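**Q** Structure provided below as structure tokens; questions to follow.
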Amino acid sequence: MSDQFVLVTGAAGGQQGKTGRHVSELLLAGGVRVRAFVHKIDERSDRLRALGAEVVEGDFLDFHSVERAVRGISTVYFAYPVQAGLLDATAIMADAARKAGVTRLIDMVMLISSPDAPTPRMRQNYLSEQIFEWAGIGAAHVRATVFYENVRALTHTSLAKDGTILLPWGSESTVIPLVSGEDVARVSVGVLTAPSVPPGSS
Ligand SMILES: NC(=O)c1ccc[n+]([C@@H]2O[C@H](COP(=O)([O-])OP(=O)(O)OC[C@H]3O[C@@H](n4cnc5c(N)ncnc54)[C@H](OP(=O)(O)O)[C@@H]3O)[C@@H](O)[C@H]2O)c1
36 MSDQFVLVTG
46 AAGGQQGKTG
56 RHVSELLLAG
66 GVRVRAFVHK
76 IDERSDRLRA
86 LGAEVVEGDF
96 LDFHSVERAV
106 RGISTVYFAY
116 PVQAGLLDAT
126 AIMADAARKA
136 GVTRLIDMVM
146 LISSPDAPTP
156 RMRQNYLSEQ
166 IFEWAGIGAA
176 HVRATVFYEN
186 VRALTHTSLA
196 KDGTILLPWG
206 SESTVIPLVS
216 GEDVARVSVG
226 VLTAPSVPPG
236 SS
């Protein structure tokens, strides 16, 4: 077993790509110790515990639960779901991880993130990346295009009901590359366990 101890956030896996879930399972299968940060204890966290993870319950937006979760940790996988609160969650994790002596934080972000990106979340992703880099915790960023699991979530009701696929993606000629959350998790595990990762790389 590796002596690396990885805190995996979003470990239960939610409505999007379940990347934290896949990252946890892949790390455990590779003999890496995992502390699984879950929003609530339920059958998903029970399964992680059965696979060998140490499970901690907490909230990205509750400073003290994050502070407890990073104690004794060297490496963090950070994946804040697409919902309000990214910058608060980032600042909390950056501060707690810096104080705990974290040396690598792999940050799951959107493919495009810049001050001029077209959506508020992409612009927040850019700021979140800067905060993690300032924290001096070895932050690097995995950029992913849209998870195809989202298409399933967005279309399963209309497909079953009337055989239509309705997506809020502009004109019929829009081309959006898709990727699976599981494949993105594989890339993340490669970066989490690589011998070295230049801080700020993406
Ligand atoms: N969706 C996309 O197409 C896309 C594309 C590129 C990049 N990304 C990036 O991928 C990430 C999303 O990751 P994912 O697909 O692995 O998410 P996910 O499957 O939706 O999982 C989110 C996890 O976060 C937990 N969670 C939610 N609110 C929480 C809170 N306040 N405190 C603690 N845990 C909380 C959920 O737990 P519960 O279920 O118990 O609430 C769930 O386990 C984001 O960083 C996003 O920028 C997404």
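So for the sequence shown, this note's numbering puts the first residue at 36; every next one is plus one.
Every residue gets a Cβ at the ideal spot worked out from N, C-alpha and C, and that includes glycine.
Bear in mind that the values here come from a model prediction, so they are computed numbers and not experimental data.
Taking only heavy atoms of ligand 1 into account, decide whether any of them is closer than 7 Å to the Cβ of Asp-94.
**A** yes
**Q** Check for me: the alpha helix (DSSP H) holding Glu-217 runs from which residue to which?
**A** Note, Glu-217: alpha helix (DSSP H), 216-228.
**Q** Given Arg-68, which residues of its chain have a CB within under 6 Å of its CB, disregarding the five upstream and five downstream residues?
**A** Leaving aside the five residues that flank Arg-68 on each side, the residues in its chain whose CB is nearer than 6 Å to its CB run, in chain order, Phe-40.
**Q** What residues are listed by DSSP as bridge partners for Arg-68?
**A** Phe-40
**Q** Output needed for Glu-164: all residues of its chain with C-beta closer than 6 Å, excluding positions within five of it in sequence on either side, in chain order.
**A** Taking C-beta separations shorter than 6 Å and ignoring five residues to either side along the sequence, the partners of Glu-164 in its chain run His-176, following chain order.
**Q** Find the nearest neighbour of Gly-65 within the set Val-232, Tyr-115, Arg-221, Thr-125, judged by alpha-carbon distance.
**A** Arg-221
**Q** Counting Cβ pairs closer than 8 Å, one from the stretch 143-155 and one from the stretch 199-211, do we hit at least three?
**A** no
**Q** Could you tell me how far apart the beta carbons of Ser-80 and Val-90 are, in whole angstroms, since I believe they sit closer than 8 Å?
**A** Separation of the CB atoms of Ser-80 and Val-90 is rounded to 5 Å, and the pair is thereby assigned contact status at 8 Å.
**Q** By how many angstroms is the C-alpha of Thr-54 removed from the C-alpha of Val-219?
**A** Rounded to the nearest angstrom, the two C-alpha atoms are 7 Å apart.
**Q** Given Thr-199, which residues of its chain have a CB within under 7 Å of its CB, disregarding the five upstream and five downstream residues?
**A** Ser-193
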